[in-house]
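When we follow full-length UniProt numbering, the leftmost residue of the sequence shown carries the number 1, and every step to the right adds one. Note that the Cβ used here is the ideal one computed from N, Cα and C, for glycine as well. The structure under discussion appears below in the form of structure tokens.
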Amino acid sequence: MRILLVEDHTELQHWLAKALRDAHLTVECATNGADADALLHTQEYALVILDLTLPKMDGLEVLKRLRARGGAGGKTPVLILTARGGLEDRVQGLNLGADDYLAKPFELVELEARVRALLRRGLGNEALVYRCGALAFDTVTRMFTYYEQGLALTPREHAVLEALITKSGRAVAKEKLFDEVFALADDANLDAIELYIHRVRKKLESGQPGAAAITTLRGIGYLLQPRDPA
């Protein structure tokens, strides 16, 4: 799940991005409203965390444009995170289509709870737990279990496996997987995906029934499916 974090305070942006990545989320950052508006015009995100007082374009204008475009942007959850916590700003933000509003200063635990709630709401009627054989992914806790034991994964390994299990039984194109794993600012090329696929495969190796396996479909992408016990 990719999140767009729009925050012009450099230290706060880095701290929040690290906390969200530690929670196994892919985070892209924008430091001004114009860049955020451009990204939202061309990219899809599971959630936007939006400051209001931004250079080049005010956060409320970014929100207004996002909702006016309709389509996927009309449904993208937006959490306003700002020092402008007055009643008028809160009402205006909610009227323009914000889903939640958190004033600075704030506690990280509260932010994480609100992020999880908005992501869960964004899933709508989709299953909250995805399964592939003995592998399971809980979209609320954002944890993987394998044979009912926690599966230790790095953030990028987690992103690879999440992208595959949420489309279990269907192929995921290499380009799509790259977009899910790497933020736009990351210095990585498409072939880096193969390294993470290899690492995840090693962690899924098992001789037990119900093991999950990643199959490479040349020219198509990657497929996660239960391994045939036979």
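Closest in C-alpha terms to I193, from the list E205, D179, L204, comes D179. DSSP places Y196 in the helix class (H, G or I) of the three-state scheme. Residue state for V62 is assigned as helix, using DSSP reduced to three classes. Ranked by how close their Cα comes to the Cα of Q149, the residues A159, D138, R156 have D138 in first place. Listed as beta-bridge partners of M143 by DSSP are D138. Annotated three-state conformation of R227 is coil, per DSSP. Counting only residues of its own chain and dropping the five nearest sequence neighbours on each side, R201 has a CB closer than 7 Å to the CB of I214. In the structure shown, L102 adopts extended strand secondary structure according to DSSP, grouped into three states. P77 sits buried, since 16 or more C-beta atoms from the chains shown fall within 10 Å of its C-beta.
Nearest Cα to V62 within the set N32, R227, R84, V91: N32. For R2, the enclosing beta strand (DSSP E) stretches over residues 2 to 6. Within the same chain, and ignoring the five residues on either side of Q92 in sequence, the residues whose Cβ sits closer than 8 Å to its Cβ are L60.
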